[in-house]
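Protein chains in written order, with the numbering used here: chain D, 850 to 1405; chain R, 4 to 331.
Note that CB positions come from ideal geometry on N, CA and C, so glycine has one too.
Data block below; observations after.
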């Protein structure tokens, strides 16, 4: 008859309770949010203010405190889709490889003659040797510099470098496997840096995701505009140290190849001619702090290199005492001091007429690291907070009315059974919120539509069962048997119907972006929870009722 | 007393007017395709690229003023439309300004947006606010169209395979025919009323596909059960019986879903109105098509009746020819 094992009953009740306990914080959204924000703020700053203590105390710490993330369309904020110009990195890689290639070929001077790097298209390095006869040994020497590609997917045993020679010119480029591995690293690095920069600004719950091969999706709630967000993450802060060749009168002066002219911001005007290849770059920085110069008292920024950066910096300063060298930030010369002694410890400082705010900001930027490559913004959206609040309000009202109407309709149609279905429906919505909070999903406006649609469709499974019970009652096998058969026979239709909808939700999730994804998440979760509540929860309720009353006849 | 949408016992002959209903469906599909081709869809910036700015002002809207303010900027095609919504306050006048993707601009230019905002504040209302600004570059929008088409095709394919595995291939053809019918009719309505067609609409289309298949599957499931139960009865009669048996469920579910959707349509705000309209329309069309299109198609192809023998790779001839030699 209508028997459900005890462990089964416990499991159903427990699942519902756990789900609801995770959903509960969402009913006290403001309080819990302030509680969480205060905790995060204390974690970050280490200081606790009285207001924060009050905020934390407002929500008991033993209760779950995870909330459904509100999407940008509900909270307001900025959305950016950025494309990372991965090719930039190829250029940098070639530049940093050049000193190695030069040294390797210099050792073969007897065979290859003089060497000279010539201008080539971006991402390529071309070197001309004066004795083409020495090409085979030159190629061998350059190939030596390549390393096996390190990546999960890259070709096995493939070299990072693709080296070829034609006539008296050696061409070096990154091999295809290495390009793919580099793209991967560049994206990960960019995401990490964007995340740090957004975090430094102290906004809450930003979404920073990789999309496809070379794109990053950035969504930050509560920020004023996409423009502001772009300024926050778009500042490059690329720090490099270059040998100074001389001074130039203007930006258009002729220079030799592999040399560049950069403006000086120290004196407001004036230009330096620099070697294009930097001695050390900001990639080797491990720390950076604002500070004050002991002697002059002006604001400075101190920095420290990692061991390989420190070595390169030490070697260069030791070999070039008395020569000026330029500290370049984002293609502007901050200062060009003369090297007085070898700086071997890997620590140094930058002075350049900073204000205190300026030095703090620069230190943050340097610490956060430079973006490995530039980003182009393909898509940007700004949603005002008022618009979001209106949407939440409207969505809530709609959901409540839909809810009430469906409940009335169900109870009018199925009586007591309709009441059971209604309870299951309420639990279903609670469970959806519980799961959304638990997995940290983001609720969007289409997501609310998804929930409203699920409310409408969740009753479907119950309707199928109840209609089936009505039919089974006609064959008069007694109420218990009819209920049992009703659930049993309706199951295949329920499963088929829900699996097909679930397939759609999955496809929407895989192919969709932004609003479509939000919708697919709530639809998918809604399908799972509604099958659970409609089949297990209503049956359990029915069984409880049946065991107490033992009715001889039932009316569905 | 119980509320009953349909009497306990119904005995409608759904195929009585099969020619008329099926003919109407075919005409509607052709008409939709024609409108789609002739009038075209009102694509949003998701698919065309460009910028949409939403303005909010206390001044009564005169579209000509907006147009005059933006004219000097030389932005090409500018669409200005006022938005009406019962949720707005009395002195709230909302307009969306849509600017086409600018020639040669790969990414979005903030200067243009700033210029537009300044121009509108200068000549329409200094207190005007801009609750939302959205820009999509042409590179992305092209890809969005591709993924959208791919998503629709992928879900049709997945459903075709799923129904084929769970039922018979004839059912799967019938179901997918009904789905295509629903999708085309929805596109037709969107072109006819020039409702904005964007990414959210694609999501709505796929939801319709999901909903409609849901409905169809329930009837098919009953049909499969009845085909085994009533081996001697003609396919047409078994279909009618199955549809009648599930009719009350079909109307209950469509009814509750529609109530929920209408609440959202009226109160959900203008931002998702197109999206919700598409789903609500889809529920109506989907319900119709699972009764009048999917079954008709299956009846036309016929279906294997002898479930005790292994499948001979498909149809066992037209419906009703293979129901001899059974010991029931």
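Where residue i falls, given that 16 or more other Cβ within 10 Å makes a residue buried
i	result
residue 152(R)	exposed
residue 56(R)	buried
residue 985(D)	exposed
residue 878(D)	exposed
residue 316(R)	Residue confidence is low: residue 316(R) scores 42 on pLDDT, short of 50, so the model does not pin down where it sits. No coordinate-derived value is stated.
residue 1249(D)	exposed
residue 856(D)	exposed
residue 20(R)	exposed
residue 12(R)	exposed
residue 1046(D)	buried
residue 1003(D)	Low local confidence applies: a pLDDT of 49 at residue 1003(D) is under 50, so the model's placement there is unreliable, and no value is given.
residue 15(R)	exposed
residue 1324(D)	exposed
residue 1400(D)	exposed
residue 1170(D)	exposed
residue 933(D)	buried
residue 71(R)	exposed
residue 1076(D)	buried
residue 231(R)	exposed
residue 321(R)	Reliability of the predicted coordinates at residue 321(R) is poor, the pLDDT of 41 falling under 50, and no value is obtained from them.
residue 202(R)	buried
residue 887(D)	buried
Beta-bridge partners of residue i, as assigned by DSSP
i	result
residue 1224(D)	933(D)
residue 1364(D)	Answer by DSSP bridge pairing: none, since residue 1364(D) is not bridged.
residue 918(D)	1291(D)
residue 899(D)	None; residue 899(D) has no bridge partner.
residue 1121(D)	1096(D), 1111(D)
residue 1457(D)	This structure leaves residue 1457(D) out entirely; chain D is present only between 850 and 1405.
residue 1184(D)	1176(D)
residue 1069(D)	927(D)
residue 884(D)	Its beta-bridge partners do not exist; DSSP assigns none.
residue 98(R)	58(R), 85(R)
residue 966(D)	976(D)
residue 200(R)	46(R)
residue 1089(D)	1130(D), 1177(D)
residue 53(R)	103(R), 139(R)
residue 862(D)	Beta-bridge pairing links residue 862(D) to no other residue.
Proximal residues of chain C, C-beta to C-beta of residue i below 7 Å
i	result
residue 267(R)	Going by chain labels, chain C is absent from the structure shown, which instead holds the protein chains D and R.
| message | If contact is defined by three or more beta carbon pairs under 8 Å, each pair taking one atom from either stretch, is the segment 936–955 of chain D in contact with the segment 1226–1238 of chain D? | response | no
| Closer than 8 Å, Cβ to any Cβ of chain R: which residues of the segment 1256–1282 of chain D, in chain order? | 1258, 1259, 1261, 1262, 1263, 1264
| task | Could you run through the segment 276–297 of chain R and flag, in chain order, every residue whose CB is less than 9 Å away from some CB of chain D? | result | Against chain D - using a Cβ distance shorter than 9 Å - the residues of the segment 276–297 of chain R are 278, 279, 282, 286.
| field | Residues within the segment 127–138 of chain R neighbouring chain D, beta-carbon criterion of under 8 Å | value | 132, 133, 134, 135, 136, 137, 138
| At least three beta-carbon pairs within less than 8 Å, the segment 910–921 of chain D to the segment 1207–1214 of chain D | no
| query | At a Cβ cut of 8 Å, what residues of the segment 1225–1238 of chain D count as close to chain R, listed as they run along the chain? | reply | 1225, 1226, 1227, 1228, 1229, 1230, 1231, 1232, 1233, 1235, 1236
| field | the segment 218–228 of chain R in contact with the segment 1344–1361 of chain D per 3-pair CB rule at 8 Å | value | Touching, yes, given that three or more Cβ pairs across the two stretches are closer than 8 Å.
| request: Would you list, in chain order, the members of the segment 245–264 of chain R that have their beta-carbon closer than 8 Å to a beta-carbon of chain D? | output: 248, 249, 251, 252, 255, 256, 258, 259, 260, 261, 262, 263, 264
| query | Okay, do the segment 178–195 of chain R and the segment 1315–1328 of chain D touch, 3+ Cβ pairs below 8 Å being the bar? | reply | no
| query | Can you list, in chain order, the residues of the segment 136–163 of chain R whose Cβ is nearer than 7 Å to any Cβ on chain D? | reply | 136, 137, 138, 139, 140, 142, 143, 150, 153, 154, 157, 158, 161, 162
| message | Beta carbons nearer than 7 Å to chain D: which residues of the segment 4–35 of chain R have them? | response | 5, 6
| field | Residues of the segment 1368–1400 of chain D with Cβ closer than 8 Å to any Cβ of chain R, in chain order | value | 1368, 1369, 1372
| field | Short-range partners of chain R found in the segment 1350–1369 of chain D, where Cβ spacing is below 8 Å | value | 1350, 1352, 1353, 1354, 1356, 1357, 1360, 1361, 1362, 1363, 1364, 1365, 1368, 1369
| Inter-stretch contact (C-beta, 8 Å, three-pair minimum) for the segment 1118–1128 of chain D and the segment 1096–1107 of chain D | yes
| chain D contacts from the segment 182–216 of chain R (Cβ-Cβ distance under 8 Å) | 202, 203, 205, 206, 209, 210, 212, 213, 214, 216
| query | If we count Cβ pairs, one from each stretch, closer than 8 Å, do we get three or more for the segment 243–261 of chain R versus the segment 188–205 of chain R? | reply | no
| query | Going along the chain, which residues of the segment 72–104 of chain R sit with their C-beta nearer than 7 Å to a C-beta in chain D? | reply | Only those residues of the segment 72–104 of chain R whose C-beta falls short of 7 Å from the nearest C-beta of chain D are listed: 90.
| field | Under 7 Å (Cβ pairs) to chain R, residues found in the segment 861–889 of chain D | value | none
| field | Every unbroken beta strand (DSSP E) inside the segment 104–188 of chain R [3 residues or more] | value | Listed in chain order, the complete beta strand (DSSP E) runs (minimum 3 residues) inside the segment 104–188 of chain R are 132–139.
| task | Determine which residues of the segment 47–59 of chain R have a Cβ less than 7 Å from any Cβ of chain D, and write them out in chain order. | result | Per Cβ criterion, the list is empty.
| message | Quick test of the definition: if touching needs 3 or more C-beta pairs under 8 Å, does the segment 157–170 of chain R touch the segment 232–249 of chain R? | response | Result no; under three Cβ-Cβ pairs closer than 8 Å.
| task | Evaluate contact between the segment 1283–1301 of chain D and the segment 915–930 of chain D, counting only Cβ atoms and requiring at least three cross-stretch pairs below 8 Å. | result | A contact exists between the segment 1283–1301 of chain D and the segment 915–930 of chain D.
| request: Please go through the segment 1251–1303 of chain D and give each complete alpha helix (DSSP H) segment of 4 or more residues, from N-terminal end onward. | output: 1265–1287
| query | If you measure beta-carbon to beta-carbon, which residues of the segment 929–950 of chain D are closer than 7 Å to chain R? | reply | Listed by position along the chain: 930.
| query | Between the segment 1258–1265 of chain D and the segment 1334–1341 of chain D, are three or more C-beta pairs nearer than 8 Å? | reply | no
| request: Tell me, please, whether the segment 115–127 of chain R touches the segment 76–96 of chain R by the rule of three or more beta-carbon pairs shorter than 8 Å. | output: yes
| query | Listed from N- to C-terminal order along the chain, which residues in the segment 1032–1045 of chain D have their beta-carbon within a distance smaller than 7 Å of any beta-carbon of chain R? | reply | For the segment 1032–1045 of chain D, the set of residues with a beta-carbon nearer than 7 Å to any beta-carbon of chain R is empty.
| query | Would you say the segment 1067–1075 of chain D touches the segment 921–933 of chain D, given that touching needs at least three Cβ pairs under 8 Å? | reply | yes
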